[in-house]
Every structure is written in C-alpha cells, then in structure tokens.
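S.K.: Here's a structure for you.
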Amino acid sequence: MGRFTLPRDLYFGKGAIDELKNLKGYKKAIIVTGGSSMKKYGFLDRVEKILKDINLDVEIFDGVEPDPSVDTVMKGAEMFRKFEPDVIISIGGGSAIDAAKAMWVFYEHPEKTFDDIKDPFTIPKLRNKAIFVAIPSTSGTATEVTAFSVITDYTQKIKYPLADYEITPDIAILDSDIPQTMTPRLIAHTGMDALTHAIEAYVASNKSYFTDPLAKQAIELIYDNIIDSYNGNVEARGDMHIAQCLAGMAFSNALLGITHSLAHKIGAQYNIPHGCCNAILLPYVIEFNSKVSLSRYAGLACMLGLPGKTEKQLTHSLIESIVDLNIKLNIPLTLKDAGVEKDTFKSTLDYIAENAVLDPCTASNPRETLKDDMKKILECAYNGKQVVI
0 MGRFTLPRDL YFGKGAIDEL KNLKGYKKAI IVTGGSSMKK YGFLDRVEKI LKDINLDVEI
60 FDGVEPDPSV DTVMKGAEMF RKFEPDVIIS IGGGSAIDAA KAMWVFYEHP EKTFDDIKDP
120 FTIPKLRNKA IFVAIPSTSG TATEVTAFSV ITDYTQKIKY PLADYEITPD IAILDSDIPQ
180 TMTPRLIAHT GMDALTHAIE AYVASNKSYF TDPLAKQAIE LIYDNIIDSY NGNVEARGDM
240 HIAQCLAGMA FSNALLGITH SLAHKIGAQY NIPHGCCNAI LLPYVIEFNS KVSLSRYAGL
300 ACMLGLPGKT EKQLTHSLIE SIVDLNIKLN IPLTLKDAGV EKDTFKSTLD YIAENAVLDP
360 CTASNPRETL KDDMKKILEC AYNGKQVVI
C-alpha cells in the first residue's frame, strides 16, 4: 500500500502571506524565525501585525541558527510550553522551519527525548495542542510541504533527518515576494538542493504515479529558471519558489537517496552548506546509481532535450548538464575545491561513510549502498574522478 501526504492548504503567489488572516478564531500564535532577513525586510513585522489584527496573542522565538541544534530545539519547546500556543508559525529558511517542527514535537510530548524520535516514523501523534503553518523564505528545502526536519547534534558533528508524516505542516504559504531577498549564493545552493530533491525522488524506491509528475515538473522549472533567478530575474525567482515546493511534494512521498545521506554527514563535518554539498555530490551519485536507474535518468535527459542516442549517452549528458549548472552558479565541482583539506578528508572518511549508510535516506536509494560504496563515491567527489560502477 502506498501513501501520499501534503499540507491541508497551500497558498501561493504575490502577497500570499496575507492569507494568515484565515487563522481568525485561534487564540495564541508563536512565530519561529531565524530573525535577521525576515526582520530586515519587514516580513516578520507583517506576519505579527496580521495575527494581532485578528486578535491573536503573539510571541516570537527568533535567532534559530543555520543547521539548528538540539539545544535550540529544546529551548524553543520550553518557550512553547510556557506560552501554550494553538498555532505555530515559522517564517524563514529551512533551518527555522525544521527547528520549529522539532519544537512542536517536544511541546506536545515533553516526556520524549531527542533519541526517542530520531529514527524514522517514531514521532507520536501531533495536533493535540497546535497546528503548524510554514512560510519559506528560501527556494530549496521545501520543508513547508515535507515530512522531514534536519537537526544537528554538534557534540557528534552529525545531522539527523527526522522523518514522520506527523510533522508535515498543516498550511504552507509560498509568497513570491519573499525569495526576492535571497543572495545569489543562497539562490545557487538552494536551487541545486531543490534539483537534487527532484532527481532523487524520481529514482527513489518509493516513487509512484503521484510523485513522478511532480518531480519532472520541478526539474523542468528548475532548468528553465535557476540561472535567470541567480542573475536577479524577478519572475524566475517566483518560479523557482514553486519548483522547489513541487520537488518537496515529490520527495516527501517518494523519499530520497544517498546524495542526501552523504550531504547530511559532510555538511556537519566540513561546514559546507547543505545545498552546496548536494550540488557537488549529485553527478557522482547519478554515475553510481545509473547501474540500476539508467533508463530513468535517460528519460529525464530526453525530457530536457539533452543530446544522446543511447541511455548511457543520455545519462552522461544529464550529468554534464548538472556540472555545467554548478559552473554557472559558481559552485565548486569537488570537495577539494570546496576547501576540504586532504588530511581532514582522510581522517573523517570512514566516519562519514559509516554514518551515511545509517542515514534514513540510504534505505530509499535505488541501489544498495554499503560503506565501501560510500567511500568510493566520496573519494571520487573529493578528487573529481569518475565513479566506476
């Protein structure tokens, strides 16, 4: 039996943030944000005003850091328990929304520990105390429509992707005004994160007739708009905001693969942004997975109008097109180019490979992947060598 889960309501387009007025009748709202950019450009104040205008009491938890920590999650949950909101609203990048999702869990279930919920599908039933509204400010993670939240344990230097349909938001708001504030570097990283989501969803073990169209539409939109978005085109930035959400709908249900398994571990170890990790790794993972997914990758290449007469040639064209996007977006092509020192890489290789195998995303990769496979992919991604399959 399959399952396909999305938020109850999704509002999108210019000025969509005004739809928060539909929350009239609730009593208390807590807003979770990273703070700086949403405050700087007035979006945080706008959310607060809309909520107060419909007579909600409002408190704000701000300052969620990039790659949010377990400590931040617990501090937020404590604030939730004191304020007792019946609406949780998170506005910001993936980190702010991911942190708010985890805070929500511990607000409703204070008896739980982080170890209790870090394995996939171990989160208890939510919505006993509050509903969840997500307003993304970046065009990449799609956490506003997914069953995932990535939280970092800095003591172990490891990221844990929490996975459970319970943390899928109730309402998602994609206001196309908000991503206009993104920097080119952020656009590059989040855009390639979204592309990775869509491509991995298209070959993942849980793919279906419901997820394939979403993944393909996202890939087409990203290829059409990511460079223009990077160069400042307003309409392209709006289209990328939609594309990343479509990719999120696909991967939240089809699941992901080892690009993400490795990126979760590399990002924490080497302090490389998540989207940048994915962009570097994706060509090498496609090479590895092509042993079992050649026809799927070739189909994407055909859809994009890339050259090639055979499935192998078409898949090679898809890989080359991703490398070309990375070049145009000023993203490093290897881990070495990203600044990872050789000695550091060697000393952490086994640890990263071992933990990548244990990552929840590995189970849905189309090809079985063991520790030695992870090491081979990492070594190729470090040195820029072709993955021999």
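Residues in the sequence shown are numbered consecutively from 0, following numbering that gives the first Met the number 0. From the three backbone atoms N, C-alpha and C, an ideal C-beta is built for every residue, glycine too.
(1) Could you pull out every unbroken beta strand (DSSP E) segment of at least 3 residues lying fully inside the segment 141-169, listed in chain order?
(2) D8 by DSSP, collapsed to three states: which one?
(3) Leaving out five residues before and five after V177 in sequence, what residues of the same chain have Cβ atoms less than 7 Å from its Cβ?
(4) Straight-line CA distance for P183 to M0?
(5) Can you tell which of I225, N252 and I116 has the C-alpha that lies nearest to the C-alpha of I241?
(6) Please tell me whether T71 and E77 are closer than 8 Å, where the distance is taken between their beta carbons.
(7) How many angstroms separate the CA atom of D358 from the CA atom of T309?
(8) Skipping 5 residues on each side, what residues in its chain have a beta carbon closer than 7 Å to that of G274?
(9) Taking a contact to mean a Cβ-Cβ separation below 8 Å, would you say Y10 touches D85 in this structure?
(10) So which of L50, S36, A95 and Y283 has the shortest CA-CA distance to I16?
(11) Less than 8 Å separating the beta-carbons of L125 and V104?
(12) Which value, in whole angstroms, describes the spacing of the CA atoms of F344 and I130?
(13) What residue range does the alpha helix (DSSP H) around A337 cover?
(14) Taking the alpha carbon of I271 as the reference point, which residue from I116, T112, K156 and L22 has its own alpha carbon closest?
(15) Would you call the segment 161-168 and the segment 28-39 in contact, with 3 or more CB pairs under 8 Å?
(16) Going by Cα to Cα distance, which pick from N288, L348, G338 and P67 is closest to L255?
(17) For R366, which option in V386, D238, A203 and G231 has the closest C-alpha, if you only look at C-alpha atoms?
(18) Among S320, F147, Y269 and L19, which residue has its Cα nearest to the Cα of K341?
(19) Less than 7 Å between C-beta atoms, sequence neighbours within five positions excluded: which residues of the same chain meet that for I96?
(20) Who are the near neighbours of Q179 in its chain, counting only those whose CB is closer than 7 Å to its CB and skipping five residues on each side?
(21) Quick one: grab the DSSP three-state call for E47.
(22) Just the C-alpha distance for T368 and D44, rounded to the nearest angstrom, thanks.
M.R.: Concretely, from the data shown:
(1) 147-152 and 157-162
(2) strand
(3) A small correction: the amino acid at residue 177 is Ile; Val does not occupy that position in the sequence shown. Excluding positions up to five away in sequence, the list reads F42 and S136.
(4) 42 Å
(5) I225
(6) no
(7) 34 Å
(8) G139, H188, T189, M191 and D192
(9) no
(10) L50
(11) yes
(12) 43 Å
(13) Unbroken run through A337: none, as it is neither H nor E.
(14) K156
(15) no
(16) N288
(17) A203
(18) Y269
(19) S89, A133, P135, T142 and E143
(20) V233 and R236
(21) helix
(22) 47 Å
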